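Participant: Please read through the structure below; I'll follow up with questions.
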Amino acid sequence: MSLPPETTPVEEKKKNIKWLQRLKEESWEAELLVSAIAIFGTFQLFGLIEWATNKYIDLLPVEQYIYGYMIVFLGLLAISILVSMFVIHFVLRAYWIGLVGLNSVFPDYSIEDSVYSKIYTEKILSILPKQ
């Protein structure tokens, strides 16, 4: 039976450096995962608001229902805005990752060399910032 080869501290350090480099290059996966979890979590807050509504109905006297409903309405509004912003952030982040991916696959692409007409290319170049 053979023993596994011993790794030296230098080899171990090289493995860690490679792992960190890979993590740095592929951090977009974790970012999208965190965004998706945040969206899922904020959707769960609607259940919390429903629970709070039922609690207010149970605890508040009828004359104070309006205060409970105002709190619930503002909570629903805040959560809806938060969810909307998370979804918009997720879509824009995914779009950005797609653009970075395209740039890494086609690094030499130039709008001047595209198949678009000359007029369209000039119009696009006038809109885009100069490099």
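For the working numbering, add 117 to where a residue sits in the sequence shown, where the first one is 1.
Glycine included, every Cβ here is placed at the ideal spot set by N, Cα and C.
Bear in mind the structure is a predicted one, so any value in this text is a computation, not a measurement.
Given this structure, state the Cα-to-Cα distance separating I188 from K132, to the nearest angstrom.
Facilitator: The alpha-carbon atoms of I188 and K132 are separated by roughly 54 Å.
Participant: Identify which residue in T238, E146, T125 has its Cα closest to the Cα of G218.
Facilitator: E146
Participant: What do you reckon, are the CB atoms on L191 and I166 nearer than 8 Å?
Facilitator: no
Participant: Return the first residue and the last residue of the alpha helix (DSSP H) that D175 is part of.
Facilitator: 144-176
Participant: If we call anything under 8 Å between Cβ atoms a contact, is H206 one with S144?
Facilitator: At the C-beta level, H206 and S144 stay beyond 8 Å of one another.
Participant: Give the range of the alpha helix (DSSP H) segment to which I228 is assigned.
Facilitator: Neither: I228 is in no alpha helix (DSSP H) and is coded neither H nor E.
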